[in-house]
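The working numbering applies: residue 944 is where the sequence shown begins, and numbers increase by one.
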Amino acid sequence: VQLQASGGGLVQAGGSLRLSCAPSESFFSINALAWYRQAPGKQRDFIAGFSSSGTTTYAEPVKGRFTISRDYDKNAVHLQMSGLKPEDTAVYYCNADLKRFTKLYTVWGQGTLVTVSS
């Protein structure tokens, strides 16, 4: 199974984008998921996620601007990003614990590039 991340692109500062992440195989459900980002030359940082209990967490730089949500109909997770800044430019990755029956599988998505122009 793979995680498919999508929705990246080029946007002007102040604009919005919505990223999505979903398992490649529908019979895997999302138990927990987090979004990370990695800017050129920098480490990969956590930015938002939800736990298996449903608790959502956001990193300080994105609080109030980004919202993580679950789409149960599509078995996907979205990251709504608004008020984008040039410093949000990075490759965004999703990382999830996928569940099938009683087993959990930790999987990384391939990354989607977000570029915010000033």
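Glycine included, C-beta positions come from ideal geometry on N, C-alpha and C.
Would you check if the distance between the CB atom of leucine 962 and the CB atom of glycine 952 is smaller than 7 angstroms? Along the sequence shown, read from residue 1 onward, the residue named residue 962 stands at position 19. Along the sequence shown, read from residue 1 onward, the residue named residue 952 stands at position 9. Contact: no.
The beta strand (DSSP E) that contains aspartate 988, what's its start and end? Within the sequence shown, residue 988 is the residue found at index 45, counting from 1. Unbroken beta strand (DSSP E) run through aspartate 988: 987-993.
Whole-angstrom distance between glycine 1052 and lysine 1017, CA atom to CA atom: As a position in the sequence shown, residue 1017 is number 74, starting the count at 1. As a position in the sequence shown, residue 1052 is number 109, starting the count at 1. Taking the straight line joining both Cα atoms gives about 17 angstroms.
Hey, could you find the ends of the beta strand (DSSP E) glycine 952 is sitting in? Numbered from its first residue, the sequence shown carries residue 952 at position 9. Looking at the DSSP string, the run of the beta strand (DSSP E) that includes glycine 952 is 952-955.
Is it a yes or a no for the region 972-989 touching the region 1033-1042, going by three-plus beta-carbon pairs under 8 angstroms? Touching, yes, given that three or more Cβ pairs across the two stretches are closer than 8 angstroms.
Are the Cβ atoms of tryptophan 978 and alanine 965 separated by less than 7 angstroms? If you number the sequence shown from 1, residue 978 lands on position 35. If you number the sequence shown from 1, residue 965 lands on position 22. In this structure, alanine 965 does not lie closer than 7 angstroms to tryptophan 978 by Cβ.
With DSSP run on the structure shown, which of helix, strand or coil describes valine 944? For the purposes of this step, residue 944 is identified with residue 1 of the sequence shown, where counting begins at 1. When secondary structure is reduced to three states using DSSP, valine 944 falls in the coil class, being assigned neither helix nor strand.
Threonine 1049 to leucine 1041 span [Cα, whole Å]: The sequence position of residue 1049 within the sequence shown is 106, counting from 1. The sequence position of residue 1041 within the sequence shown is 98, counting from 1. C-alpha separation (whole angstroms): 6 angstroms.
Enumerate, from N- to C-terminal direction, the unbroken alpha helix (DSSP H) stretches of 4 or more residues contained entirely within the region 992-1041. none
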